[in-house]
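If you're matching them up, the sequences are chains A and B in order. First residue of the first sequence: 783, per the numbering used here; consecutive thereafter. First residue of the second sequence: 1000, per the numbering used here; consecutive thereafter. Even for Gly, the Cβ is constructed at its ideal location relative to N, Cα and C. Owing to the predicted nature of the structure, the values given are computational and were not obtained by experimental measurement.
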Amino acid sequence: MTIDLYTTTDDNRVVNKTLTAVSSNITVRPTESLDLLAPVFYVDTDDDYLAANYLYCSTFDRYYYINDIKLETGRRMSLHCSLDVLYTYRNYLSGVTATVIRSESLGRPSTIPDKRLPVDPQRYELKSVKFSKTFPQDINKPSYVLIT
Amino acid sequence: MSIDTNILPSQGTWNGITYSRRIKALIDDSESGYISIVDGIKRRYNGNCYATYAGGEGRVNSSFEHITFNSNILTSTPALENRPVNISLVLSDVAGQSGYDNGNYRATVPNKLNDDSYICPVLSFRPDNICLAVRALVAHPAQDMESESLFISDVAFANIVNDTPYEGIMENGISDDEQYILVGWYVKPYVGTATSRSYTERLGIMTESVPASYAAWTNAEAFYNVYAPNNQYNIGLSQSSYYWTGDYATINYSYRAPAVRYLGDGDYVFDGNYGAASQTGYTFANGDVSRNSWDIIADSKLAYKWARWSDYPVIFPYITGDEVLRNVAAFGLFFALTETAAATETIGTGTLSDSIYLGIMDERGYTYGEYVQGSACRTEPQSSWTDAVADAEAAGYAPLDPAGQLPEPPDPTHYDKENATVLPATGFISGNDLYAINIGELQGILAAVSLEAAGLASQLESVQKFLTNNPIDVIKGTVYYPFDVTDYITTELTKTEIVLGNVSTGVDGYKITNRVAVVDMGSTVYYPPDGLDDFRSYEPYSSAELYLPYCGSVKITPSDYIGHTINVKYLIDIESGSCLALIYRDALAIDSIAGQIGVQIPITGVQSASLAAAQEQANRNSINSKVAAAAAVVGVGAAVFTAGSSLALTAAAVGGTAAISAAASRAMGADYALEHQSIPYKSVGSAGAATGTANEQCVRLVIHRPVMLPNADLAAFAKVNGFACCITGQLSAFSGFTQVSSAELDDIPCTAGERAAILSAMQAGIIL
């Protein structure tokens, strides 16, 4: 089993993360069962590994966040990880059909009420539009009606 | 390319091309084109007629359209004002003269274009022989937002049509420095067969834009509250107004009418006769448009101003791609968004691609701006019309060029039977007589009655004229209206002398035979402030109200009107002065408010009959008293002479003197009463509230809309929050922060735990 170590500065919510390789093909010898979702990988100690915060496990074919690194006995390090389902399945996500309730790509507020929007609760703008016609008020025209 | 000889009903020939009866009549000058009056509006048919209307009397989607005719090219701006626009295709009957020039020629011939008349749009071509190519006029504002240029851009147009403009500036797919604003459109007619067509200049698309005459212009001037110099009236279809020539890479620009600049504060200035007063092309230099017809108005939206041929400004905000399509759909013809498609794509009943559109017509041949696309066009009846006349008639449509009398054009308010409020055309009248008069005539009536009362020549005349009737009693009331009543009474008005009882006043008034007047107060399109159609523009965030003269203010629900035309009509009971303001969303009245527009005017007059009767009685009293006094003197004398006693004489003398004095006193009192007979006045009516006359006399829409917090950064907000929506679709259509409520994850080859983790992440929000 091998893993590749990376660093990424992207938010965990980002699907298509930008990864910078730290080291690759690092041999891992599991000494106990590995959890698919939150595995702990034991590797030989290398100071360079401390820069990594992300890894790829070829056996699982999955990407993981490195949540914690511990120096263990016997010149070993343990990498405590959690699965990044977003990057792992990034190629599938674009085809997922979903009901989106918030989206940045709208570009502007929609007609759906949005309580998060920073609307000023006190101030209003006022728009006034005059219609095109007016009552002319010309008493020299037949403007009086005599009722008999 | 010559026009296919098969496409016109054969009523005559022109350069080997047959044309319709109507064209023949126009060529022969045997018909003025004036047809009928409906609702007081003259309607006139022109052009080569038959089968399809264009524009349905100018109404598209309940809005009147405003269209210019530019060198065989139609340019339109949507929903400007409630002004009719009239479209027809005209076939030039002068060899070598384009349809455009010919149309203008016709428009300047007096008997072709009557005052206040306009042309009902008609087309005579079988629908599968003509396809309109839609071109868009696009503005490209400079970065400083102070200068613009206009050009034809298929790319920009396609972007605009396919997306929804945002504040007039497209954002999707166009970088900041490539922002476009769609400011107008035009069509080029491609004529030929169902499979191959060519653009022809001989087929002109002519529009008539009122005012078509000096009188109409002056009305329009008042209508728009626009000042125009007295010496600047270019009336009718002046081809010197504006038109585009060339291939649009370089826009040649020619105009004679002065440009009008909108200053943003409600004022206009005329830049004078800028440019040449000839038809020679004027090269459109950078900045010309900015200087003469563009400006940035106060609220930062772009407005576009044409001086046009009658010098009034046409101001409109951006238009949307859909509005363009709806405008063109109003022709009821096939159309395409590219000239290539208009020339080569199959139309009619063949296999139709999605690049072909067709305007939907109702059974009366009217269009509303609805359209279908691609194969759906084949379900519309005109797709299969190969003989425009026979097929249209067979389909139950009313052709505009029948052999006999032309059909009555429909009332524009009837254009959508299901969604239009139709006011009854018949009038109502009570048993009273109503006369429309001006202030001078009113004073004349009262003066006439007073003169009659004061100048009674004889008791006989008094009896004849007054004892049987008090003129002032005949008057039941007088009501003042802030408008010329005769302008809004649709039934025929005749001047009739006003007779009060038996007294002829010598004053003529318009006798009103319809008690209810309808006054159209104009319209506006409800655009939220800044044009932003988001939740903040709706309740409970926004509120809106209409100020309605003489009715007060009424709150309206923004969601009822956003994106629609608000039109206000007053139904006025001329007799009582009460009114009901109908508030229309497009053609359908959905709100109303009652008010009092007529101001009751109290009238005080001499109650002449009473005066005459009192005078008569006083006369009788005077006569009787004098007779009695004389009798008293005679009686006293007799008593003296018969008594023979000095004492008695003295006493009788004293008593007789007293009796004579009393009788004389009564006689004098009767004279005094006769001479000092008080005039019995009578007041009719009471003073009605006139405060409404001092308030604003036009309808006003006021919109309150919340603003963002100071320093709010929407872009930053969107990055971490996104904007609320409810859209179901593939995530590939979204970008940036995206939050979902539910998702279909079946196709992902993952474990159940992973699937749950994916859904959880999506529900918390991911960044695509």
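- Contacts with chain A at 9 Å (Cβ-Cβ) do not include residue 1550 of chain B.
- Inside the segment 1557 to 1614 of chain B, DSSP marks whole alpha helix (DSSP H) runs of 4 or more residues at positions 1557 to 1560, from first to last along the chain.
- Nearest neighbour of residue 903 of chain A by Cα position, chosen from B/1447, B/1750 and B/1708, turns out to be B/1708.
- Taking C-beta separations shorter than 6 Å and ignoring five residues to either side along the sequence, the partners of residue 1347 of chain B in its chain run 1127, 1193 and 1382, following chain order.
- Distance from the CA of residue 1331 of chain B to the CA of residue 1723 of chain B, rounded to the nearest whole angstrom, comes to 39 Å.
- Collapsing the DSSP output to three states places residue 1507 of chain B in a strand.
- Secondary structure of residue 805 of chain A (DSSP, three-state): strand.
- Closer than 9 Å to the CB of residue 1706 of chain B there is at least one CB belonging to chain A.
- Beta-bridge partners assigned by DSSP to residue 1372 of chain B: B/1356.
- Residue 1561 of chain B has its alpha-carbon roughly 30 Å from the corresponding atom of residue 1373 of chain B.
- Between residue 1187 of chain B and residue 1341 of chain B, the C-beta spacing is below 9 Å.
- Around residue 1377 of chain B, no beta-carbon contact reaches into chain A at under 7 Å, the shortest distance being about 32 Å.
- For a Cβ distance threshold of 9 Å, residue set 924, 926, 927, 928, 929 and 930 of chain A lies close to residue 1434 of chain B, ordered along the chain.
- With its beta carbon at least 9 Å from every one in chain B, residue 848 of chain A lies outside the interface.
- The C-alpha of residue 1751 of chain B is placed about 21 Å away from the C-alpha of residue 822 of chain A.
- Taking C-alpha positions only, residue 865 of chain A is separated from residue 1761 of chain B by approximately 15 Å.
- Around the beta carbon of residue 803 of chain A, fewer than 16 other beta carbons sit within 10 angstroms, so the residue counts as exposed.
- Judged by beta-carbon spacing, residue 1527 of chain B lies within the 9 Å limit of residue 1704 of chain B, meaning their Cβ atoms are closer than that value.
- For residue 900 of chain A, the closest alpha carbon among the candidates B/1488, B/1733, B/1540 and B/1743 is that of B/1540.
- About 5 Å separates the Cβ atoms of residue 1504 of chain B and residue 1444 of chain B, confirming a contact at the 8 Å cut-off.
- When beta bridges are read from the DSSP output, residue 1707 of chain B appears opposite A/901.
- As computed with DSSP, residue 877 of chain A is found in no beta bridge at all.
- At a cut-off of 9 Å, the C-beta of residue 798 of chain A has a neighbouring C-beta in chain B.
- Below the 9 Å Cβ cutoff, chain A contributes 927 and 929 as neighbours of residue 1574 of chain B, in chain order.
- Per DSSP, the beta bridge partners of residue 1435 of chain B are A/927 and B/1509.
- Scanning the segment 806 to 874 of chain A from its first residue to its last, the whole beta strand (DSSP E) runs of 3-plus residues come out as 822 to 826, 836 to 839, 844 to 854 and 858 to 865.
- Burial check for residue 868 of chain A: the Cβ neighbour count within 10 Å reaches 16 or more, so the residue is buried.
- Boundaries for residue 1691 of chain B: no beta strand (DSSP E) harbours it, while the alpha helix (DSSP H) harbouring it runs 1690 to 1693, taken from the DSSP string.
- Shortest Cα-Cα distance from residue 1344 of chain B to any of B/1715, B/1593, B/1714 and B/1129 involves B/1129.
- Membership of residue 1496 of chain B in the beta strand (DSSP E) is indicated by the continuous run 1493 to 1499.
- For residue 880 of chain A, the closest C-alpha among the options B/1728, B/1764 and B/1766 is that of B/1728.
- Not a single C-beta of chain A is nearer than 9 Å to the C-beta of residue 1187 of chain B.
- Taking C-beta atoms as the reference points, residue 910 of chain A and residue 1702 of chain B count as a pair closer than 9 Å.
- Here the alpha carbons of residue 1718 of chain B and residue 789 of chain A stand approximately 23 Å from one another.
- Annotation: residue 847 of chain A to residue 888 of chain A spans about 30 Å, alpha carbon to alpha carbon.
- Residues of chain A whose Cβ lies closer than 7 Å to the Cβ of residue 1535 of chain B are, in chain order, 891 and 901.
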